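Engineer: Below are the structure tokens for one structure; questions will follow.
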């Protein structure tokens, strides 16, 4: 039960973060190049993502559970550590924060510079939306498939992903501007912690280790990873404060 | 064709391994150690959490000293 709640939370949060980034790109393309092309690109990308999840999800559940946990746990751990590393560097001030307003402005400028959109489907608007949704969505598909198949609950992972995408898309349509009020950097930090904790848990289980306290160890791992990550952020902030102002990199758009 | 395969390989590498390949190397080595200990009937659950703490700290601190 608690694993299902954590599965839902992890996939939902990851999906929300990536959806915000995708919505920013689609909004910029739609506002400058026309909504028809932007929405067509989005639709095709979503179909491609659905096909990836529908193909890989059931295929993975056929594997023996220990093999699945070993391979997927390892992959998730590598992926989660990279995600968490970036989030810690951002929170510590050593990497620019992700700024949706700045990304939106850059996308708008690039779309306007591409010239006047033609009648009908505009290739630029289509491709920009397609690439944005597909690339941002691949991380979500990877997380949903690995989490879902590892717990034999791809359906729940898909529901979590769908709810997040629908909520962010609705907010984007309503606001018609980048969703900069969503605390994206904090969400990314939380997702990094969860991916790392799940990867550690499944990787060790798949390798044949037994966790003391069984499933409860997952909660302990989340707390453990969070404490390390917050400790590193604190250390980095102190380090940054000690550095001369000229050596500090500006915190701006990523 | 060759260029596309290379681009796909580069994308997958960037997607999974990312900025610091040492993280992937340490995770793979630690998983191997966990398998070896578990098969020798030695408690092995602590290996991965320890590796996470060490490799994450080392990777982050290395970046700040660049």
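Protein chains in written order, with my numbering: chain A, 1 to 254; chain B, 1 to 66.
All C-beta atoms in this analysis are idealised placements derived from N, C-alpha and C, irrespective of residue type, glycine included.
The structure displayed is predicted, hence computed values, not measured ones.
Classify residue 58 of chain A as helix, strand or coil using the three-state DSSP reduction.
Structural biologist: Start at 1 with the first residue of the first chain, and residue 58 of chain A comes out as number 58. Helix.
Engineer: Which value, in whole angstroms, describes the spacing of the CA atoms of residue 84 of chain A and residue 120 of chain A?
Structural biologist: As a working note, residue 84 of chain A is residue 84 in the first chain. As a working note, residue 120 of chain A is residue 120 in the first chain. The straight-line gap from Cα to Cα measures roughly 43 Å.
Engineer: Start and end of the alpha helix (DSSP H) containing residue 49 of chain B?
Structural biologist: Within the second chain, numbered from 1, the residue matching residue 49 of chain B stands at position 49. That run of the alpha helix (DSSP H) goes 47 to 64.
Engineer: Is it right to say residue 151 of chain A is buried, meaning 16 or more other beta carbons lie within 10 angstroms of its own, or is it exposed?
Structural biologist: Taking the first residue of the first chain as position 1, residue 151 of chain A is located at position 151. Per the 10 Å Cβ criterion, buried.
Engineer: Report yes or no: do three or more beta-carbon pairs, one from the region 220 to 240 of chain A and one from the region 4 to 16 of chain B, lie closer than 8 Å?
Structural biologist: Segments in contact, no.
Engineer: Suppose contacts are defined by Cβ-Cβ distances below 7 Å. Is residue 32 of chain A in contact with residue 111 of chain A by that definition?
Structural biologist: Here residue 32 of chain A is taken as the residue at index 32 of the first chain, counted from 1. Here residue 111 of chain A is taken as the residue at index 111 of the first chain, counted from 1. Contact: yes.
Engineer: Does the structure place the region 11 to 28 of chain A close enough to the region 182 to 200 of chain A that three or more beta carbon pairs sit under 8 Å?
Structural biologist: Judged by Cβ distances under 8 Å, the region 182 to 200 of chain A makes contact with the region 11 to 28 of chain A, as three or more pairs qualify.
Engineer: Between residue 9 of chain B and chain A, is the shortest Cβ-Cβ distance under 7 Å, so that the two count as touching?
Structural biologist: For the purposes of this step, residue 9 of chain B is identified with residue 9 of the second chain, where counting begins at 1. No - not a single Cβ of chain A is within 7 Å of the one on residue 9 of chain B.
Engineer: For the putative contact between residue 133 of chain A and residue 10 of chain A, defined by C-beta atoms under 8 Å, what is the C-beta separation to the nearest angstrom?
Structural biologist: Working through the first chain from its first residue, we reach residue 133 of chain A at position 133. Working through the first chain from its first residue, we reach residue 10 of chain A at position 10. So it is not a contact: roughly 21 Å between Cβ atoms.
Engineer: Go through its chain and collect everything with a Cβ distance to residue 12 of chain A's Cβ below 6 Å, but skip five positions before and after it.
Structural biologist: Taking the first residue of the first chain as position 1, residue 12 of chain A is located at position 12. Excluding residues within five positions, the ones whose Cβ falls inside 6 Å are 160, 164.
Engineer: For residue 82 of chain A, which of helix, strand or coil comes out of DSSP?
Structural biologist: Counted from its first residue, the first chain places residue 82 of chain A at position 82. Helix at residue 82 of chain A.
Engineer: Please identify, using Cβ separations under 7 Å, the residues of the region 220 to 244 of chain A that lie next to chain B, in order along the chain.
Structural biologist: If the cut-off is 7 Å between Cβ atoms, the region 220 to 244 of chain A has 221, 224, 225, 228, 232, 236, 239 near chain B.
Engineer: Check the Cβ of residue 203 of chain A against every Cβ in chain B and list those closer than 7 Å, keeping chain order.
Structural biologist: For the purposes of this step, residue 203 of chain A is identified with residue 203 of the first chain, where counting begins at 1. Within chain B, the residues near residue 203 of chain A are 31, 48.
Engineer: Would you tell me roughly how many angstroms separate the C-alpha atoms of residue 210 of chain A and residue 204 of chain A, rounded to the nearest one?
Structural biologist: In the first chain, the residue the question calls residue 210 of chain A occupies position 210. In the first chain, the residue the question calls residue 204 of chain A occupies position 204. Their backbone Cα atoms lie some 8 Å apart in a straight line.
Engineer: Using a Cβ-Cβ cut-off of 7 Å, state whether residue 63 of chain B counts as contacting chain A.
Structural biologist: Position 63 of the second chain, counted from the first residue, corresponds to residue 63 of chain B. By this cut-off, residue 63 of chain B is an interface position.
Engineer: Please work out which residues of its chain come closer than 7 Å, Cβ to Cβ, to residue 252 of chain A, disregarding the five sequence neighbours upstream and downstream, and give them in chain order.
Structural biologist: In the first chain, counting from the first residue as 1, residue 252 of chain A sits at position 252. Low per-residue confidence applies at residue 252 of chain A: pLDDT is 39, beneath 50, and the placement is therefore not dependable, though the value from the model is reported in the following sentence. Counting only Cβ-Cβ distances below 7 Å, and skipping sequence neighbours, we find 96, 99, 102.
Engineer: Does any residue of chain A bring its CB to less than 7 Å from the CB of residue 40 of chain B?
Structural biologist: In the second chain, the residue the question calls residue 40 of chain B occupies position 40. Output row for residue 40 of chain B: interface = no.
Engineer: Between the alpha carbons of residue 168 of chain A and residue 23 of chain A, how many angstroms are there, rounded?
Structural biologist: Counting from one through the first chain, the residue named residue 168 of chain A turns up at place 168. Counting from one through the first chain, the residue named residue 23 of chain A turns up at place 23. For residue 168 of chain A and residue 23 of chain A, the distance between alpha carbons rounds to 8 Å.
Engineer: Taking 7 Å as the threshold (C-beta atoms), are residue 42 of chain A and residue 53 of chain A in contact?
Structural biologist: The residue you call residue 53 of chain A lines up with position 53 of the first chain. The residue you call residue 42 of chain A lines up with position 42 of the first chain. No. Outside cutoff.
Engineer: Suppose the cutoff is 7 Å on Cβ atoms and the five residues either side in sequence are ignored; what does the same chain contact list for residue 237 of chain A look like?
Structural biologist: Here residue 237 of chain A refers to the residue found at position 237 of the first chain. If we look at residue 237 of chain A and ignore the five residues flanking it on each side, its Cβ neighbours are 92, 93.
Engineer: What separation, rounded to the nearest whole angstrom, lies between the Cα atoms of residue 69 of chain A and residue 62 of chain A?
Structural biologist: Within the first chain, numbered from 1, the residue matching residue 69 of chain A stands at position 69. Within the first chain, numbered from 1, the residue matching residue 62 of chain A stands at position 62. Straight-line Cα distance between these residues: approximately 12 Å.
Engineer: Please list the residues of the region 185 to 214 of chain A that have a C-beta atom closer than 7 Å to any C-beta atom in chain B, keeping them in chain order.
Structural biologist: Residues 196, 200, 203, 204, 207, 208, 209, 210, 211, 212.
Engineer: Do residue 38 of chain A and residue 125 of chain A have their beta-carbon atoms positioned less than 7 Å apart in this structure?
Structural biologist: As a working note, residue 125 of chain A is residue 125 in the first chain. As a working note, residue 38 of chain A is residue 38 in the first chain. Result yes, Cβ atoms of residue 125 of chain A and residue 38 of chain A sit closer than 7 Å.
Engineer: Quick check: the Cα distance between residue 11 of chain B and residue 139 of chain A, rounded to an integer number of angstroms?
Structural biologist: Residue 11 of chain B sits at position 11 when you count from the first residue of the second chain. Residue 139 of chain A sits at position 139 when you count from the first residue of the first chain. The straight-line gap from Cα to Cα measures roughly 12 Å.
Engineer: For the alpha helix (DSSP H) that contains residue 194 of chain A, what are its first and last residues?
Structural biologist: Position 194 of the first chain, counted from the start, is the residue given in the question as residue 194 of chain A. From DSSP, the alpha helix (DSSP H) with residue 194 of chain A extends over 184 to 206.
Engineer: Could you give the DSSP three-state label for residue 147 of chain A: helix, strand or coil?
Structural biologist: Numbered from its first residue, the first chain carries residue 147 of chain A at position 147. Here residue 147 of chain A sits in helix by DSSP.
Engineer: Measure the CB-CB distance between residue 146 of chain A and residue 72 of chain A and report whether it falls below 7 Å.
Structural biologist: Here residue 146 of chain A refers to the residue found at position 146 when the first chain is read from its first residue. Here residue 72 of chain A refers to the residue found at position 72 when the first chain is read from its first residue. Taking 7 Å as the Cβ cut-off, residue 146 of chain A and residue 72 of chain A qualify as a contacting pair.
Engineer: Looking at the C-beta of residue 137 of chain A, does it have a partner C-beta in chain B at a distance below 7 Å?
Structural biologist: What you label residue 137 of chain A is simply residue 137 of the first chain in a count that begins at 1. No, no contact with chain B.
Engineer: Here's the rule: buried if 16 or more other CB atoms are within 10 angstroms of the residue's CB, otherwise exposed. What is residue 64 of chain A?
Structural biologist: Taking the first residue of the first chain as position 1, residue 64 of chain A is located at position 64. Residue 64 of chain A comes out exposed.
Engineer: Just to confirm, are residue 74 of chain A and residue 27 of chain B a CB contact at a threshold of 7 Å?
Structural biologist: Taking the first residue of the first chain as position 1, residue 74 of chain A is located at position 74. Taking the first residue of the second chain as position 1, residue 27 of chain B is located at position 27. Going by C-beta atoms, residue 74 of chain A is nearer than 7 Å to residue 27 of chain B.
Engineer: Can you find a C-beta in chain A that's less than 7 Å from the C-beta of residue 24 of chain B?
Structural biologist: Here residue 24 of chain B is taken as the residue at index 24 of the second chain, counted from 1. Judged by the 7 Å Cβ criterion, residue 24 of chain B is in contact with chain A.
Engineer: Expressed to the nearest angstrom, what Euclidean distance is found between the alpha-carbon atoms of residue 142 of chain A and residue 42 of chain B?
Structural biologist: Residue 142 of chain A sits at position 142 when you count from the first residue of the first chain. Residue 42 of chain B sits at position 42 when you count from the first residue of the second chain. Computed Cα separation, rounded: 33 Å.
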